[in-house]
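Numbering (the working numbering), first residue to last: 5 to 356.
Where is the CB? At the ideal position from N, CA and C, for every residue including glycine.
Please read all numbers here as calculations on a predicted model, not as lab measurements.
Read the structure below first, then the notes.
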Ligand code: SAH
């Protein structure tokens, strides 16, 4: 069997330096190569013009240079949001989204191919998990989009398909590479990682004392309701999850964001708003209300705009910081996993 090649784009500078030395080369070459990979973002070793031919040949022999291939891009006529479908080298496809704001360009990346968390309203999880993404595959979503629009990406959110805490080691490496001053150098404060609430990993992340924002997908005001929407709640009780968020704040000083997808008749009542206030009201936090994006496989509906506003007002009266997330890219399968799912379904039916 052919030996697995080294994923050179997933190495940090220290690892790369050790590796280059192992090849019998001077370690300062590592910095040059790292720049080609993460700053100039070349798509082949041949483009590394200040590297000797012999070293390039060695790298070609031993390493893969992970570059995603753009399969499809859909551009929203409403707000310029771009949804990308990228092909990985093993033939899997993932999706990423570019959102353009006044304050800069934000990219939402996938962390896994599919997902095994089973949240009831989410399209990404319908076909289960295929595999976690490598650090290089997470990074390259941002690199490719930056190249495509020819502009700097200033913000990154790990809120696409997948559960980042279910791919923890690769996530941590990705964060290190993305925020490295020798690479793209995105500020930790401009990076948000969203989780459905895998408590031990949230605590582990807290202990790293990074300055990134943690977002928790809460979606319910009590344990009973959360269990109905999110199977992960069977494993981690709602208070345990919220306590992990408190711990994150204690360790990092970073205000936690709670995401709450509003579903008509399920979690949008006055009582829900009251219970939610009691659950997190004493915390330094921010609640993001997201009117649920209906998927055809489930019968969940958005509350009407009056009910959404009433919910928001009730939280505000209780002194909670809250915003309603502006929907972007609704006309281009904006919701998590919708585009990939539609693509997979259509290629299956085309074949069969
Ligand atoms: N697994 C992580 C990150 C990916 S999901 C997590 O659970 O946080 C990103 C966010 O989109 C989560 O808050 C998720 O619950 C929400 N989401 C997924 N599908 C949605 C839909 N159809 N409508 C509204 N929000 C949705």
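Reduced DSSP category for residue i - H, G, I as helix; E, B as strand; rest coil
i: residue 139; result: helix
i: residue 220; result: strand
i: residue 295; result: strand
i: residue 57; result: helix
i: residue 18; result: helix
i: residue 326; result: strand
i: residue 354; result: Unreliable placement is indicated for residue 354, whose pLDDT of 38 sits below 50; no coordinate value is reported for it.
i: residue 211; result: helix
i: residue 127; result: coil
i: residue 303; result: coil
i: residue 11; result: strand
i: residue 134; result: strand
Through-space distance from residue j to residue i, alpha-carbon basis
i: residue 101; j: residue 78; result: 10 Å
i: residue 26; j: residue 192; result: 32 Å
i: residue 345; j: residue 31; result: 44 Å
i: residue 244; j: residue 170; result: 18 Å
i: residue 166; j: residue 91; result: 16 Å
i: residue 355; j: residue 95; result: At residue 355, the pLDDT of 33 sits below 50, so the modelled position is not reliable; the number obtained from the coordinates is stated separately. Those two C-alpha atoms are separated by around 15 Å.
i: residue 250; j: residue 54; result: 49 Å
i: residue 43; j: residue 314; result: 47 Å
i: residue 1; j: residue 118; result: Outside the displayed span of the chain (5 to 356) sits residue 1, for which this structure offers no information.
i: residue 143; j: residue 115; result: 10 Å
i: residue 226; j: residue 208; result: 25 Å
i: residue 111; j: residue 157; result: 7 Å
i: residue 164; j: residue 217; result: 16 Å
Any non-hydrogen atom of ligand 3 within 7 Å of residue i CB
i: residue 199; result: Among the ligands in the structure shown, ligand 3 does not appear; only ligand 1 can be found there.
Inter-residue CB distance, residue i and residue j (contact presumed, cutoff 8 Å)
i: residue 221; j: residue 199; result: 7 Å
i: residue 180; j: residue 16; result: 6 Å
i: residue 206; j: residue 264; result: Their Cβ separation, rounded to whole angstroms, is 17 Å, which puts residue 206 and residue 264 out of contact at 8 Å.
i: residue 160; j: residue 182; result: 7 Å
i: residue 203; j: residue 248; result: 5 Å
i: residue 145; j: residue 190; result: Their Cβ separation, rounded to whole angstroms, is 13 Å, which puts residue 145 and residue 190 out of contact at 8 Å.
i: residue 233; j: residue 224; result: 6 Å
Start and end residues, alpha helix (DSSP H) containing residue i
i: residue 249; result: 242-256
i: residue 102; result: Segment 97-105 is the beta strand (DSSP E) holding residue 102; no alpha helix (DSSP H) there.
i: residue 227; result: 227-233
i: residue 116; result: Where residue 116 is concerned, there is no enclosing alpha helix (DSSP H), although the beta strand (DSSP E) it sits in stretches over 116-118.
i: residue 176; result: 172-182
Endpoints, beta strand (DSSP E) assigned at residue i
i: residue 74; result: 73-79
i: residue 82; result: Element bounds for residue 82: n/a, residue is neither H nor E.
i: residue 264; result: 260-266
i: residue 109; result: 108-112
i: residue 198; result: 195-199
i: residue 162; result: 159-162
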